[in-house]
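Taken in order, these protein sequences are the chains called A and B. With our numbering applied, the first sequence covers 1 to 119. With our numbering applied, the second sequence covers 1001 to 1119. Note that the Cβ used here is the ideal one computed from N, Cα and C, for glycine as well. Written below as structure tokens is the structure these notes are about.
Protein chains: 2
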Amino acid sequence: MAFDPQSLRYDDKGLIPVVAQDHASGEVLMVAWMSAEAVARTLQSGRVTYWSRSRQAFWVKGESSGHVQRLVELRVDCDRDCLLVLVEQTGPACHTNRRTCFYTAVRRGNEVELMRPEV
Amino acid sequence: MAFDPQSLRYDDKGLIPVVAQDHASGEVLMVAWMSAEAVARTLQSGRVTYWSRSRQAFWVKGESSGHVQRLVELRVDCDRDCLLVLVEQTGPACHTNRRTCFYTAVRRGNEVELMRPEV
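As structure tokens, then:
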């Protein structure tokens, strides 16, 4: 069946959450949002393109930082209201310069920093 | 630093998106939502507990199906507006009886079913 970005279920702001996972290591790198047009641009360009809620603009990941995400595969969940992108990540995915945005663990009720920013 | 569920950033419905990942295989299983109280219950019980948007009720994953998620670790992202739970998943995570909700890939513009329901 041909895939149509319009067939996904977007929230009341026209956005869908997207989990980015390193295709090789399986590490979950970040979660961001896409509009239907961002989904289409991602598939067409092979460069993962989100919708920035803070800037209200397309966000070609890594466009300014160089920390690009090359799309390896896009997957859709059962309810069609969430996406998973398997990516080849150049450099750190997080704006704090850490490999992943999920660098804080909760252990025995305390927050633990799992990794330092890359230098 | 002590972790406080109230310190997270919830959306205008009081919810935060949660990515569930198999702690051993690294497979991304599903994405669902938690309220602050669901976060607290998950940490306290060790049983992953979401907030069901369709039922508007707490959803102890697997309570009716037996397909429970035991919490291995909870992680917080850099913006504190998304969570990652590493889980030990009993049975399939998806309500369609598939291992993961992300069983549909988009390849060359077409949707491809990656796995069948478990029997």
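Near chain A, meaning a CB-to-CB distance below 8 Å, the residues of the stretch 1002-1031 of chain B are A1002, F1003, P1017, V1019, Q1021, S1025, G1026, E1027, V1028, M1030 and V1031. The beta carbon of R75 (chain A) is closer than 8 Å to those of L83, L84, V85 and L86 in its chain, skipping five residues each way along the sequence. If you ignore the 5 residues before and after E1027 (chain B), its C-beta comes within less than 8 Å of the C-beta of Q1021, R1099 and T1100, all in its own chain and listed in chain order. In this model, N1097 (chain B) and V119 (chain A) are separated by some 44 Å (Cα to Cα). Apart from the 5 residues on each side of it in sequence, A38 (chain A) sits with its Cβ closer than 7 Å to the Cβ of T49, Y50, W51 and F58 in its chain, given in chain order. Contact between L29 (chain A) and A93 (chain A) holds: CB atoms are separated by about 4 Å, below the 8 Å threshold. Note on M1001 (chain B): under 16 other CB atoms within 10 angstroms of its CB, so exposed under the neighbour-count rule. Under the rule that a run must span 3 or more residues, the beta strand (DSSP E) segments found entirely inside the stretch 24-65 of chain A read 28-34, 49-52 and 57-60. At least one beta carbon of chain B lies nearer than 7 Å to the beta carbon of G109 (chain A).
Neighbours of E73 (chain A) across chain B, judged by C-beta separation under 9 Å: A1105, V1106 and R1107. Ranking B:P1017, B:S1035 and B:V1072 by CA distance to the CA of Q1056 (chain B) puts B:S1035 first. Counting along the chain, P17 (chain A) sits inside the beta strand (DSSP E) bounded by residues I16 to D22. In this structure, the alpha-carbon of G1066 (chain B) lies about 35 Å from that of L71 (chain A). Annotation: Cβ neighbours of F102 (chain A) in chain B (cutoff 9 Å, chain order): V1019, R1075, V1076, D1077, C1078, C1082, L1083 and L1084. Contact check for L15 (chain A) against R80 (chain A) fails: the beta carbons are separated by 7 Å or more. Distance between V19 (chain A) and F1102 (chain B), taken at the CA atoms: about 11 Å. The beta carbons of F3 (chain A) and E1113 (chain B) sit no closer together than 7 Å. Beta-bridge partners assigned by DSSP to N1097 (chain B): none are found.
DSSP places E1113 (chain B) inside the beta strand (DSSP E), whose first and last residues are N1110 to E1113.
At a cut-off of 7 Å between beta-carbon atoms, T96 (chain A) makes contact with chain B.
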